[in-house]
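*Asks:*
In the numbering used here, the protein residues as written are 739 to 963.
(1) Let's see if you can read the secondary structure: which residues bound the beta strand (DSSP E) around residue 915?
(2) Any idea what DSSP makes of residue 830, helix, strand or coil?
(3) When the Cα of residue 841 is compared with those of 745, 932 and 755, which residue comes out closest?
(4) Which value, in whole angstroms, describes the spacing of the CA atoms of residue 745 and residue 751?
(5) Can you look up residue 929 in the DSSP assignment and give me helix, strand or coil?
(6) On the CB-based measure, 16 or more other CB atoms within 10 Å of its CB, does residue 757 come out buried or exposed?
(7) Given residue 833, which residues of its chain have a CB within under 8 Å of its CB, disregarding the five upstream and five downstream residues?
(8) Can the beta-carbon of residue 915 be found less than 8 Å from the beta-carbon of residue 921?
(9) Is residue 924 closer than 8 Å to residue 908 when the C-beta atoms are compared?
(10) Does the beta-carbon distance from residue 753 to residue 830 come in below 8 Å?
(11) Would you say residue 817 and residue 770 are within 8 Å of each other, going by their C-beta atoms?
(12) Any idea if residue 917 is buried or exposed, counting beta-carbon neighbours within 10 angstroms, 16 or more meaning buried?
(13) By the three-class DSSP mapping on this structure, what secondary structure does residue 813 have?
(14) What is the rounded straight-line gap between the Cα of residue 835 and the Cα of residue 747?
(15) Rounded to whole angstroms, what is the Cα-Cα separation between residue 749 and residue 855?
(16) Within a Cβ cutoff of 7 Å, which residues of the same chain sit near residue 932, ignoring the five residues on either side of it in sequence?
(17) Hey, quick one: how far does the beta strand (DSSP E) through residue 897 stretch, first residue to last?
(18) Among 913, 911, 912 and 927, whose alpha-carbon lies nearest the alpha-carbon of residue 901?
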């Protein structure tokens, strides 16, 4: 009854159980392969020979009987040991296959997939928000501290990270900070290389061009009239 109403094991518990069984089986295999012929079986034969001699059995027969007994025990021990090793190897192989299939099924589970997507989304957003804070809060050299003192943290004297593709403002950075060689725009994901002097037309440029075009049209219409 206890097994029927017991709580099913979670994915973590099942994975830990597989890992523990695999480690125990591997340790048992190592122990089986290291163990040699036990000296106690040889000791049995060594004790048996003088006993047979004491009962008046011929020396040759006594040593022969002792040798046969020791040989039989050793051969039986070797065969039994090989059988145990084969059984443990099969058990280990089966456990690893079950573990592999369990992990595969767990990855295909709906809840697991949703959790993984949420974690990936959270990590992406977290990295996105903390990227420039990490750069700006980096431990500064003496030269950078002197520059900050001279600039007095004036935003007007900071370097603006403007996207060359869409013109979006991506934050401010110390002009002496050479650690950031490039940055990706938050909006269009365009890779911007610092020091690249080929920016595309920004929104302000487009507005200025539109005003210029309108003024030219007004002048041409006045001249025609």
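Backbone N, C-alpha and C fix where the C-beta goes; we use that ideal spot for every residue, glycine too.
Here the structure is a predicted model, which is why all the values come from computation and not from measurement.
*Replies:* Walking through what the data contain:
(1) That residue, residue 915, is in no beta strand (DSSP E); it is neither H nor E in DSSP.
(2) helix
(3) 755
(4) 12 Å
(5) strand
(6) exposed
(7) 756, 759, 760 and 763
(8) no
(9) yes
(10) no
(11) no
(12) exposed
(13) helix
(14) 19 Å
(15) 17 Å
(16) 918, 919 and 920
(17) 897 to 900
(18) 927
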